[in-house]
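Take a look at the structure set out below.
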Amino acid sequence: VFIERLWWSVKYQDVYLKAYGSIAEARNGLREYFEFYNRRRHQSLDRRTPDDVYWNTLPPREVAA
48 VFIERLWWSV KYQDVYLKAY GSIAEARNGL REYFEFYNRR RHQSLDRRTP
98 DDVYWNTLPP REVAA
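Following the numbering used here, the numbering of the sequence shown begins with 48 at its first residue and continues without gaps.
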């Protein structure tokens, strides 16, 4: 379900609005959109960003002594 929602957002909030004219434009535009998407707060994540959720749920790494 999460992935379906993500692709809905990509299509309706970016691709359909911008109608990219080339592969290069689409690549750059989508890169910018995903940066925006991963740094904005999401209601479904308790008003946290996907970056915050991901980086704060990784298991701690042990440091070599």
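Think of the CB as a built atom: it goes at the ideal place given N, C-alpha and C, for glycine as much as any other residue.
Coarse secondary structure for residue i, derived from DSSP in three states
{"i": "Arg86", "result": "helix"}
{"i": "Ser56", "result": "helix"}
{"i": "Arg108", "result": "coil"}
{"i": "Tyr63", "result": "helix"}
Euclidean distance between Cα positions of residue i and residue j
{"i": "Gly68", "j": "Arg74", "result": "11 Å"}
{"i": "Lys58", "j": "Phe81", "result": "12 Å"}
{"i": "Glu72", "j": "Ser91", "result": "30 Å"}
{"i": "Leu105", "j": "Arg95", "result": "15 Å"}
{"i": "Glu51", "j": "Pro107", "result": "30 Å"}
{"i": "Lys65", "j": "Trp102", "result": "31 Å"}
{"i": "Asp99", "j": "Ile70", "result": "30 Å"}
For residue i, the residue or residues it bridges with in DSSP
{"i": "Val95", "result": "Per the sequence shown, the amino acid found at residue 95 is Arg instead of Val. Arg95 is bridged to His89."}
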